[in-house]
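2 protein chains.
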Amino acid sequence: MQRHFDTELNRLKNSLIKMGSLSEEAVRLSIKALIDNDPALAHRVIKNEDRINTLEIQLDNIIVDILALQQPVAIDLRFILAAQKINNDLERIGDHAVNIAESVISMKSFEDREELIFIPKMAILAEKMLHDSLDSFIHNDPQLGMSVLKHDDTVDELNKNVFYKIIDRMKSSQRTIEMGMHLIRISRNLERIADLATNIAEEVIFITQARIVKHYSDESN
Amino acid sequence: MQRHFDTELNRLKNSLIKMGSLSEEAVRLSIKALIDNDPALAHRVIKNEDRINTLEIQLDNIIVDILALQQPVAIDLRFILAAQKINNDLERIGDHAVNIAESVISMKSFEDREELIFIPKMAILAEKMLHDSLDSFIHNDPQLGMSVLKHDDTVDELNKNVFYKIIDRMKSSQRTIEMGMHLIRISRNLERIADLATNIAEEVIFITQARIVKHYSDESN
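If you read the protein sequences in the order shown, they are chains A and B.
Each residue of the first sequence is one higher than the last, beginning at 493 in my numbering.
Each residue of the second sequence is one higher than the last, beginning at 493 in my numbering.
Below you can see the structure in the form of structure tokens.
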């Protein structure tokens with residue numbers, strides 16, 4: 493029974509790692525599509541979304557099976573409940589990457605590309621946060637998880653700065669309004685990705701330390 | 493043991509109903525603050541957020557306890573896993589109500605109030621969806637849950653219309669840009685509340701019918 497349980501737990505962990513790498517790739521490609529102005533790449537992100545959604549449902553089913561058949565307790569139970577939340581967070585990260593990709597596609601119709609302001613900087617930070625939160629999960633490393641939490645405020649601040657800079661640009665030049673709206677949307681989606689990476693890091697800390705660090709930083713968008 | 497288990501399940505259900513009514517009230521008051529232009533009421537929504545966040549953590553702890561001590565299977569297990577997701581959805585709905593309240597407070601500094609376009613209509617629909625999804629949970633009524641799913645596309649459509657109407661208004665009158673940004677933010681938050689009500693309805697259907705209706709409609713913002 494114990495050996496079977498370990499096999500099931502490993503299966504769950506491996507599927508979650510796969511889910512993490514799919515979501516991470518979606519974010520990476522959507523940002524690359526933005527920076528390279530590459531709508532074809534953005535279309536690929538949208539096409540790949542189905543794989544993430546399918547894997548999310550498979551993972552949910554694995555979780556129900558383990559809980560029903562193995563009735564785990566203590567650290568294993570905590571790990572499985574956290575896995576359910578991380579699974580959901582990763583699916584939402586995939587959604588946000590799709591939102592970014594959609595904006596990249598809409599933006600191809602604008603003749604002038606406006607400056608991206610702090611967006612590339614935000615993207616680097618959000619990608620790092622996501623990568624580190626997944627690494628902290630894989631290597632069971634709450635210290636790395638804690639380091640993710642520290643960046644969340646910086647991304648929030650950059651998001652606000654993008655917003656106000658774009659409002660100023662819209663006021664001084666009306667032709668930038670539509671492009672500006674897309675850039676604000678992209679910035680907001682990056683901020684949400686950073687928030688979700690923070691959630692994942694919090695779950696890792698919860699698994700290993702049984703400490704609720706939620707509401708350490710408030711969600712904002 | 494069975495009687496104790498039933499008591500625990502009821503405790504979980506009652507706490508979730510309380511969480512639902514707090515979130516519902518947050519949405520209702522944030523919309524009332526918008527329509528009545530009442531920043532004091534908006535401040536109350538922000539003040540009440542702590543209660544929602546505290547209750548979310550309490551509920552998570554109840555869930556861990558039940559799973560660890562009672563090791564439920566079948567329909568009970570499914571109910572408890574759905575409860576965990578609904579709990580998380582309700583907390584996020586509370587966050588979106590706070591976002592709306594924050595915009596209402598920022599908007600008080602504008603001399604002219606712009607027309608709210610379809611926002612009151614969206615608000616009525618989103619509130620109804622949330623109310624019905626919670627009712628479908630309380631009365632274990634998947635039919636009512638299914639009716640919630642049907643409204644999601646209408647709210648998405650209204651959100652898009654608000655977006656384009658406001659962009660047009662910004663282009664024709666630059667002084668509407670900042671107010672317009674807040675209205676777009678409010679509209680987007682209502683659309684997210686409707687999405688989360690849809691998630692809750694899906695969970696209710698999952699509990700009662702063991703059918704995955706997820707990705708019936710895609711998340712968009």
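We treat Cβ as the ideally placed atom computed from N, Cα and C, and that holds for glycine.
Straight-line gap, residue i to residue j (C-alpha atoms, nearest Å)
{"i": "Asp624/A", "j": "Ile555/B", "result": "28 Å"}
{"i": "Leu504/B", "j": "Arg536/B", "result": "27 Å"}
{"i": "Ile578/B", "j": "Pro531/A", "result": "36 Å"}
{"i": "Glu695/B", "j": "Ser665/B", "result": "44 Å"}
{"i": "Pro564/A", "j": "Arg495/A", "result": "13 Å"}
{"i": "Val534/B", "j": "Glu541/B", "result": "Residue identity check: residue 534/B is Ala in the sequence provided, not Val. Going by the C-alpha atoms only, they are around 11 Å apart."}
{"i": "Asp557/B", "j": "Thr546/B", "result": "17 Å"}
{"i": "His588/B", "j": "Arg661/B", "result": "25 Å"}
{"i": "Asn506/B", "j": "Lys642/A", "result": "36 Å"}
{"i": "Ile527/B", "j": "Arg520/B", "result": "11 Å"}
{"i": "Phe655/A", "j": "Met638/B", "result": "38 Å"}
{"i": "Lys663/B", "j": "Lys663/A", "result": "10 Å"}
{"i": "Glu670/A", "j": "Met671/B", "result": "16 Å"}
{"i": "Asn529/A", "j": "Ile659/A", "result": "22 Å"}
{"i": "Asp644/B", "j": "Asp644/A", "result": "31 Å"}
{"i": "Gln701/B", "j": "Asn580/B", "result": "21 Å"}
Neighbourhood of residue i by C-beta, 6 Å cutoff - its chain only, sequence neighbours within 5 removed
{"i": "Lys657/B", "result": "Ile609"}
{"i": "Ser595/A", "result": "His674, Arg677, Ile678"}
{"i": "Ile699/B", "result": "Arg570, Phe571, Ala574"}
{"i": "Asp552/B", "result": "none"}
{"i": "Ile538/B", "result": "Val590, Ala593"}
{"i": "Ala566/B", "result": "none"}
Residue j beta carbon less than 7 Å from that of residue i
{"i": "Glu683/B", "j": "Asn651/B", "result": "yes"}
{"i": "Glu606/A", "j": "Thr646/A", "result": "no"}
{"i": "Ser515/A", "j": "Ile630/A", "result": "no"}
{"i": "Leu569/B", "j": "Leu559/A", "result": "yes"}
{"i": "Leu508/B", "j": "Ala574/B", "result": "no"}
{"i": "Thr618/A", "j": "Ala525/A", "result": "Note on identity: in this sequence residue 618/A is Ala, with Thr being the wrong assignment. In this structure, Ala525/A does not lie closer than 7 Å to Ala618/A by Cβ."}
{"i": "Met621/A", "j": "Val640/A", "result": "yes"}
{"i": "Ile597/B", "j": "Ser522/B", "result": "no"}
{"i": "Pro634/A", "j": "Ile697/A", "result": "yes"}
Any chain B beta carbon closer than 7 Å to residue i
{"i": "Gln749/A", "result": "This structure cannot speak to residue 749/A, because chain A is shown only from 493 to 713."}
{"i": "Ile597/A", "result": "no"}
{"i": "Val565/A", "result": "yes"}
{"i": "Leu569/A", "result": "yes"}
Residue-level contact to chain A via CB, residue i, 7 Å cutoff
{"i": "Ile658/B", "result": "no"}
{"i": "Lys505/B", "result": "no"}
{"i": "Ile558/B", "result": "no"}
{"i": "Glu711/B", "result": "Unreliable placement is indicated for Glu711/B, whose pLDDT of 43 sits below 50; no coordinate value is reported for it."}
{"i": "Lys510/B", "result": "no"}
Close-in-space but distant-in-sequence residues of the same chain around residue i (CB under 7 Å, 5 per side omitted)
{"i": "Leu636/A", "result": "Asp624, Asp627, Ser628"}
{"i": "Gln562/A", "result": "Phe497, Glu500"}
{"i": "Asn632/B", "result": "Thr700"}
Amino acids of chain E, ordered along the chain, whose beta-carbon sits closer than 8 Å to that of residue i
{"i": "Lys663/B", "result": "No chain E is part of this structure, whose protein chains are labelled A and B."}
Cut-off 8 Å between Cβ atoms - residues of its own chain near residue i, not counting five sequence neighbours on either side
{"i": "Ile544/A", "result": "Met511, Leu514, Ser515, Ala518, Leu582, Glu583, Gly586"}
The segment 674 to 682 of chain A / the segment 610 to 622 of chain A touching (three or more Cβ pairs under 8 Å): Segments in contact, yes.
The segment 591 to 601 of chain A contacting the segment 690 to 701 of chain A, beta-carbon criterion three pairs below 8 Å: No, they do not touch.
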